[in-house]
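Enquirer: Here you go, one structure.
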Amino acid sequence: MKIPRIFLHITILLTCLLTSTCSPKTTSSIAEKSRINQQVDLHPKLQFFRQDHKLLRLYFSLPTENLLFARRSENQPLQAELRVTVSGIDSKAELKHWEITRDYRLSKKHSDFFWIDHLDLSSKSDYRGEAIVTIQDLVRGAEFTAYTRISEARISSQKFLTIDASSKAPLLKEYYHTTDSLIIHYGKSDATELYVNIYDYPENAAPAPFVEPWKLHLPKFQKQLQILVRDQKCKLPHTLKPKIFEIRADSESDDYGLILPFFKPGFPKIKDGEDMIYPLRYITTDEEFDKLKASNNYRKSAEEFWLKRCKSKDKARDILGEYYRRVLYANENFTSFVPGWKSDRGMIYTIFGNPDNITKRPGQEIWVYGREINTVRLSFTFVQRENMFSFNHYELLRNGGYKAIWDLATNSWRNGRIFNY
Numbered sequence: 001m002k003i004p005r006i007f008l009h010i011t012i013l014l015t016c017l018l019t020s021t022c023s024p025k026t027t028s029s030i031a032e033k034s035r036i037n038q039q040v041d042l043h044p045k046l047q048f049f050r051q052d053h054k055l056l057r058l059y060f061s062l063p064t065e066n067l068l069f070a071r072r073s074e075n076q077p078l079q080a081e082l083r084v085t086v087s088g089i090d091s092k093a094e095l096k097h098w099e100i101t102r103d104y105r106l107s108k109k110h111s112d113f114f115w116i117d118h119l120d121l122s123s124k125s126d127y128r129g130e131a132i133v134t135i136q137d138l139v140r141g142a143e144f145t146a147y148t149r150i151s152e153a154r155i156s157s158q159k160f161l162t163i164d165a166s167s168k169a170p171l172l173k174e175y176y177h178t179t180d181s182l183i184i185h186y187g188k189s190d191a192t193e194l195y196v197n198i199y200d201y202p203e204n205a206a207p208a209p210f211v212e213p214w215k216l217h218l219p220k221f222q223k224q225l226q227i228l229v230r231d232q233k234c235k236l237p238h239t240l241k242p243k244i245f246e247i248r249a250d251s252e253s254d255d256y257g258l259i260l261p262f263f264k265p266g267f268p269k270i271k272d273g274e275d276m277i278y279p280l281r282y283i284t285t286d287e288e289f290d291k292l293k294a295s296n297n298y299r300k301s302a303e304e305f306w307l308k309r310c311k312s313k314d315k316a317r318d319i320l321g322e323y324y325r326r327v328l329y330a331n332e333n334f335t336s337f338v339p340g341w342k343s344d345r346g347m348i349y350t351i352f353g354n355p356d357n358i359t360k361r362p363g364q365e366i367w368v369y370g371r372e373i374n375t376v377r378l379s380f381t382f383v384q385r386e387n388m389f390s391f392n393h394y395e396l397l398r399n400g401g402y403k404a405i406w407d408l409a410t411n412s413w414r415n416g417r418i419f420n421y
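If you use the UniProt record's numbering, the sequence shown corresponds to residues 1 to 421, in order.
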């Protein structure tokens, strides 16, 4: 059977998507702060680790390809410079209780794919409350900020550190692949066993922004395993299918455990037909989507879906490239206990694209579409919801008034036109 030409372009397109970046304008203060608008996102990974009651560290990791290396003088080597700051805050009162800062340097010739280091926070190990973590690339001028809350319920999860089984280095990731081999380091020295609760991912994608009320679907408990601990370390069992693991020291405690989401190899990239079919949920009818899922060839069905609406291969290639670029970005930035494209922020980003402005406050994000000079601007407010599975779960404040613009946007995609507000 002859393969359509559009198929031959898809692999190239999806490969190109892997290097795409977007950085909307953001608003900053103590209560409203986010990364500065930059063409390169630092994409750091963060993890608090408590070795015991007194030792507290913030481990951080970031791709060295996202850093800018420069020489201070002709005789010095190329170096990247980071400044890591952790602050305890009261966002409502606009107060900063304390701040710990440290500068780091990395030589280009000694750099690996990832820069992994830590900041000692032992002097604040008793702190409970809101905190801001800021990482600055001092050479480029880029900045990343994350909000977190240090609560009693979260303390238990900070007693675990994930380690790569081959390199023995801390493995700081928001998600893992089913092929990863992990070791769990537990801070309590007399532990002999740990418990692994295994959960299934929710199946549903985010409902449309005008659907209210709606019920949040959390991961569903499947089973519990016991694993032995030796010298404060234990090897995690493999999972063949995407699952969520919760590592706990106490099988019945109400405290949160360490959450490890496992996805299939290749995630967050768009690797196969399944990755192409399911994100079409937002722009298909129930009947169309059921037909796509019943197909024996997901990739071919996805290509035919776009080609039918775009009328030409060149146009289909352009719209396909942009749609899945957005899906990839959503997976990279909004993944929690669901793949990023299934989340509320992922849904809005996929359909509406890059916001013109993002305001971040502790527990809240406000996305605004439309330039300041426009009389009609579109805004979406996302609220962080407390749950045991992820800090990165934000829910959209839904409103029936979104229906008209949602219909306009989805119909644009269905008619073969990229939608940008």
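We put the beta carbon where it would ideally sit given N, CA and C, even for glycine.
Since the model is a prediction, treat every value here as computed from it, not as a measurement.
1. Tell me whether the beta-carbon of GLN136 lies closer than 8 Å to the beta-carbon of SER107.
2. Could you pull out every unbroken beta strand (DSSP E) segment of at least 3 residues lying fully inside the segment 57-127, listed in chain order?
3. Let me confirm a value: GLN47 is counted as buried when at least 16 other C-beta atoms fall within 10 Å, else exposed. Which label applies?
4. Using CA atoms only, rank isn't needed, just tell me which of PRO170, PHE419, LEU236 and GLN224 is closest to ASP318.
5. What span of residues does the alpha helix (DSSP H) with ALA249 cover, start to end?
6. When the Cα atoms are used, what is the spatial distance from ILE244 to TYR256?
7. Identify the continuous beta strand (DSSP E) that holds ASN392 and give its terminal residues.
8. For TYR176, write down the residues that DSSP places opposite it in a beta bridge.
9. Give me whichever residues DSSP pairs with CYS234 in a beta bridge.
10. What are the boundary residues of the beta strand (DSSP E) that LEU45 is part of?
11. With a cut-off of 8 Å on the beta carbons, I'd call LYS91 and ARG361 a contact; round off their distance for me.
12. Identify which residue in LEU121, SER251, LEU292 and ARG83 has its Cα closest to the Cα of PHE144.
13. How should LEU62 be labelled, buried or exposed, when 16 other C-beta atoms within 10 angstroms of its C-beta is the threshold for buried?
14. Could you give the C-beta distance for VAL229 and THR284, rounded to a whole number, given that I count them as a contact under 8 Å?
15. Taking the straight line between their C-alpha atoms, what separation do you get for LEU328 and PRO268?
16. Could you round the C-beta distance between THR381 and ILE366 to whole angstroms and report it? I think they count as a contact, below 8 Å.
17. With burial defined as no fewer than 16 other Cβ atoms inside 10 Å of the residue's Cβ, what is the status of THR26: buried or exposed?
18. Taking ARG417 as part of the alpha helix (DSSP H), name the residues at either end of that continuous run.
19. Are SER122 and LEU56 close, meaning C-beta to C-beta below 8 Å?
20. Do you know how far the Cα of THR148 is from the Cα of PHE69?
21. Using the C-alpha atoms, what's the distance from THR239 back to THR178?
22. For VAL327, report the span of its beta strand (DSSP E) as first-last.
23. Measure the Cβ-Cβ separation of LEU161 and LEU236 and say whether it is below 8 Å.
24. Using the Cα positions of LYS403 and PRO209, report the straight-line distance between them to the nearest angstrom.
25. Quick one: what's PHE382 bridged to in DSSP?
26. If we ignore side chains and look at the alpha-carbon of each, how far apart do GLN38 and ASN66 end up?
27. Taking C-beta to C-beta, are ALA205 and LYS291 nearer than 8 Å?
28. Measuring only the C-alpha atoms, how far is PHE389 from HIS217?
29. Assuming GLU174 contacts ASN392 under a Cβ cut-off of 8 Å, what Cβ separation, rounded to an integer in Å, is found between them?
30. Give the secondary structure of residue 455 by DSSP, where H, G and I count as helix, E and B as strand, and everything else as coil.
31. Across which residues does DSSP place ALA131 in a beta bridge pair?
32. Which word fits VAL86, buried or exposed, when buried means at least 16 other C-beta atoms lie within 10 angstroms of its C-beta?
33. Taking the alpha carbon of ARG377 as the reference point, which residue from PHE352, SER312 and HIS97 has its own alpha carbon closest?
Expert: The answer reads as follows:
1. Residue 136 sits at position 136 when you count from the first residue of the sequence shown. Residue 107 sits at position 107 when you count from the first residue of the sequence shown. Not a contact, by the Cβ cut-off of 8 Å.
2. 79-90, 95-107 and 114-120
3. Taking the sequence shown and counting its residues from 1, the one referred to as residue 47 is at position 47. When all chains shown are included, GLN47 counts as buried.
4. Translated into positions along the sequence shown, residue 318 becomes position 318. For the residues PRO170, PHE419, LEU236 and GLN224, the minimum Cα distance to ASP318 belongs to PHE419.
5. Counting from 1 along the sequence shown, the entry for residue 249 is found at position 249. Element bounds for ALA249: n/a, residue is neither H nor E.
6. Start at 1 with the first residue of the sequence shown, and residue 244 comes out as number 244. Start at 1 with the first residue of the sequence shown, and residue 256 comes out as number 256. Distance between the alpha carbons of ILE244 and TYR256: 14 Å.
7. Residue 392 sits at position 392 when you count from the first residue of the sequence shown. Run containing ASN392: none; DSSP gives neither H nor E here.
8. By 1-based counting over the sequence shown, the position of residue 176 is 176. In DSSP, TYR176 forms a bridge with PHE262.
9. As a working mapping, residue 234 is identified with position 234 in the sequence shown. Answer is ILE184.
10. Working through the sequence shown from its first residue, we reach residue 45 at position 45. Correcting the residue identity first, residue 45 is Lys in this sequence and not Leu. Its beta strand (DSSP E) spans residues 45-50.
11. Residue numbering aside, residue 91 sits at position 91 when the sequence shown is read from its first letter. Residue numbering aside, residue 361 sits at position 361 when the sequence shown is read from its first letter. Before going on, a small fix: residue 91 reads as Ser here, not Lys. Going by Cβ atoms, the distance from SER91 to ARG361 rounds to 7 Å, so yes, they are a contact pair.
12. Here residue 144 refers to the residue found at position 144 when the sequence shown is read from its first residue. Considering only alpha carbons, the answer is ARG83.
13. For the purposes of this step, residue 62 is identified with residue 62 of the sequence shown, where counting begins at 1. Buried, by the Cβ-count rule.
14. Sequence index remark: in the sequence shown, residue 229 carries index 229 (1-based). Sequence index remark: in the sequence shown, residue 284 carries index 284 (1-based). Actually they do not touch by this definition, with Cβ atoms about 48 Å apart.
15. As a working mapping, residue 328 is identified with position 328 in the sequence shown. As a working mapping, residue 268 is identified with position 268 in the sequence shown. Roughly 6 Å between the two C-alpha positions.
16. The residue given as residue 381 occupies position 381 in the sequence shown. The residue given as residue 366 occupies position 366 in the sequence shown. 5 Å between Cβ atoms; contact.
17. The residue you call residue 26 lines up with position 26 of the sequence shown. The predicted model places THR26 with a pLDDT of 47, which falls under 50 and marks its position as unreliable; any figure quoted below should be read in that light. With 16 or more Cβ atoms within 10 Å of its Cβ, THR26 is classed as buried.
18. For this step, residue 417 is matched to residue 417 along the sequence shown. First-last for ARG417: undefined, no H or E at that position.
19. To locate residue 122, count along the sequence shown from 1; it is residue 122. To locate residue 56, count along the sequence shown from 1; it is residue 56. Yes, the pair counts as a contact, with Cβ atoms nearer than the cut-off.
20. For the purposes of this step, residue 69 is taken as residue 69 along the sequence shown, with counting starting at 1. For the purposes of this step, residue 148 is taken as residue 148 along the sequence shown, with counting starting at 1. CA-CA distance, PHE69 to THR148, rounds to 29 Å.
21. In the sequence shown, counting from the first residue as 1, residue 178 sits at position 178. In the sequence shown, counting from the first residue as 1, residue 239 sits at position 239. In a straight line, the C-alpha of THR178 is about 6 Å away from that of THR239.
22. In the sequence shown, counting from the first residue as 1, residue 327 sits at position 327. Premise fails: VAL327 lies in the alpha helix (DSSP H), 313-334, not in any beta strand (DSSP E).
23. Indexing the sequence shown from 1 puts residue 161 at position 161. Indexing the sequence shown from 1 puts residue 236 at position 236. No, these two residues do not count as a Cβ contact at 8 Å.
24. As a first step, residue 403 is located in the sequence shown; it is residue number 403 there, counting from the start. As a first step, residue 209 is located in the sequence shown; it is residue number 209 there, counting from the start. LYS403 and PRO209: Cα-Cα distance of roughly 7 Å.
25. As a working mapping, residue 382 is identified with position 382 in the sequence shown. Within the DSSP secondary-structure output, PHE382 pairs in a beta bridge with GLU365 and LEU396.
26. In the sequence shown, counting from the first residue as 1, residue 38 sits at position 38. In the sequence shown, counting from the first residue as 1, residue 66 sits at position 66. With a pLDDT of 37 at GLN38, under the threshold of 50, the modelled position of that residue is not reliable, and the figure given next carries that caveat. Distance between the alpha carbons of GLN38 and ASN66 is about 11 Å.
27. Here residue 205 refers to the residue found at position 205 of the sequence shown. Here residue 291 refers to the residue found at position 291 of the sequence shown. Their beta carbons are not under 8 Å apart, which means ALA205 does not touch LYS291 by this criterion.
28. The residue labelled residue 389 in the question sits at position 389 within the sequence shown. The residue labelled residue 217 in the question sits at position 217 within the sequence shown. Whole-angstrom Cα-Cα distance: 12 Å.
29. Stepping through the sequence shown from its first residue, residue 174 is reached at position 174. Stepping through the sequence shown from its first residue, residue 392 is reached at position 392. With 8 Å as the limit, GLU174 and ASN392 qualify as a contact, their Cβ atoms being about 7 Å apart.
30. In the structure displayed, the chain extends from 1 to 421; residue 455 sits before or after that span and is not available.
31. Locating residue 131 in the sequence shown gives position 131, counting from the first residue. Beta-bridge pairing links ALA131 to GLY88 and THR148.
32. For the purposes of this step, residue 86 is taken as residue 86 along the sequence shown, with counting starting at 1. Buried, by the Cβ-count rule.
33. Sequence index remark: in the sequence shown, residue 377 carries index 377 (1-based). For the options PHE352, SER312 and HIS97, the alpha carbon positioned closest to that of ARG377 is the one of PHE352.
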